[in-house]
Structures are given as C-alpha cells and as structure tokens.
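Engineer:
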Amino acid sequence: MNICVFLSAADLDDRYTRPAREFAKLIGKGGHTLVWGGSDVGLMKVVADGVQEAGGRLLGVSVDFLAAKARAGADEMVIARDLAERKALLLEKADAVVVMVGGTGTLDEATEILELKKHGKTDKPVVLLNTAGFYDGLKVQFRRMEDEGFLPRPLADLVFFAEEPAAALAYLEESHGPR
46 MNICVFLSAA
56 DLDDRYTRPA
66 REFAKLIGKG
76 GHTLVWGGSD
86 VGLMKVVADG
96 VQEAGGRLLG
106 VSVDFLAAKA
116 RAGADEMVIA
126 RDLAERKALL
136 LEKADAVVVM
146 VGGTGTLDEA
156 TEILELKKHG
166 KTDKPVVLLN
176 TAGFYDGLKV
186 QFRRMEDEGF
196 LPRPLADLVF
206 FAEEPAAALA
216 YLEESHGPR
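All residue numbers for the sequence shown refer to the numbering used here, where the first residue is 46 and numbers rise by one.
#1: On the three-state DSSP scale, how would you describe Gly148?
#2: Expressed to the nearest angstrom, what Euclidean distance is found between the alpha-carbon atoms of Arg224 and Leu88?
#3: What does the Cβ neighbour count give for Thr156, buried or exposed, with the cut at 16 atoms within 10 Å?
#4: Between the C-alpha atoms of Gly75 and Thr62, what's the straight-line distance to the nearest angstrom?
#5: Less than 7 Å between the beta carbons of Ala93 and Leu103, yes or no?
#6: What residue range is occupied by the uninterrupted alpha helix (DSSP H) comprising Phe206?
#7: Looking at the structure shown, is Ser53 part of a helix, part of a strand, or coil, going by DSSP?
#8: Can the beta-carbon of Leu128 be found closer than 7 Å to that of Leu159?
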C-alpha cells in the first residue's frame with residue numbers, strides 16, 4: 046500500500062518523534078511505501094529513516110523551492126512546480142493518507158483530502174494520528190461541524206482518529222483490504 050503521510054518538517058521533541066518513528070517502522074515492516082513531501086529534515090526525515098530502515102520504499106514529492114532539502118536516497122523523487130501540484134501528486138500516488146503532527150501546511154493538506162472525501166471525489170482511508178493529544182482541539186471542532194450540520198457525511202466516514210501508531214496502520218490495512 047502507498048501510504049501518504051502529511052507531517053511537519055520541523056525538528057521536534059521525543060513526544061512527537063518517538064511515535065512517528067514507531068509508525069514509520071510499521072510501514073516498512075508491513076512492506077508498504079511511504080509517500081511524503083520528500084524532505085530530509087525534521088520529522089519528515091525521522092519518518093523516512095524509519096521506513097527505509099525497516100525495509101519499506103520511499104516515494105517523495107518535493108517542490109521546486111524545497112528541492113535542496115529533498116532526500117537523496119529515496120527510491121523515487123518527483124519535483125513539483127508548486128505546492129498545489131505537490132499536494133495533488135501526493136494524493137494521486139497514495140492509497141491511503143495519515144495526518145501526523147504539523148503546522149499550517151499539514152492542516153491545509155488534511156483539509157484538502159477531507160474536502161475531497163466529503164464530496165465523494167475519493168474514498169481513500171484517512172487517519173488523523175493524534176500524537177500526544179496534538180489534534181484534540183481539531184477533533185472537537187470537527188465534531189461541532191458534524192453536530193451543527195456543516196458536514197453532509199458523518200465524520201466517521203471522513204476520518205479515523207487514532208491515538209497510537211499501531212491503531213492507525215491497523216485501520217488502514219483493514220480499510221484497504223487485499224488488492
């Protein structure tokens with residue numbers, strides 16, 4: 046399975062890097078491919094390292110202005126001309142999506158895939174990995190959107206909230222099924 050992971054390129058502390066490394070090892074050991082923003086810095090590097098060390102493939106999609114930070118040892122690297130094309134390519138190459146901790150770019154990517162699901166333009170499973178309660182506030186906001194009629198589909202149809210890496214991968218593998 047090609048698993049797209051949206052996440053930060055920032056250097057973060059152990060409460061975020063440890064679960065990210067754990068999830069990366071699960072991807073690699075499961076024989077899956079990491080589809081990610083291609084950067085070899087911060088949390089993106091932690092996850093790419095973990096997947097590669099555990100035997101998984103790396104498929105990066107970087108962007109022109111970040112190409113200098115692209116991982117040299119990826120199995121495949123695509124350079125998009127802008128962030129919009131990058132996001133489209135990441136989603137196109139993915140069978141499933143996991144949203145890990147991140148900033149505004151990660152949030153943009155997460156809402157894009159959820160909007161596509163909401164309108165029936167994709168049926169790819171989406172997991173929000175709520176490491177250290179990072180997305181507790183967002184979960185509350187999404188539930189309010191659902192409760193107050195802003196979502197035409199049940200929230201559970203759009204995204205699965207996982208508190209631990211193993212639960213995230215188990216959900217993806219169950220949702221993806223044998224292909």
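Glycine included, every Cβ here is placed at the ideal spot set by N, Cα and C. Since this is a predicted model, take the numbers as computed values, not measurements.
Structural biologist: Answer, in terms of the structure:
#1: coil
#2: Below a pLDDT of 50, predicted positions are generally treated as unreliable, and Arg224, at 48, falls in that range; no measurement from the model is reported.
#3: exposed
#4: 20 Å
#5: yes
#6: Here Phe206 belongs to no alpha helix (DSSP H); instead the beta strand (DSSP E) covers 205–207.
#7: coil
#8: no
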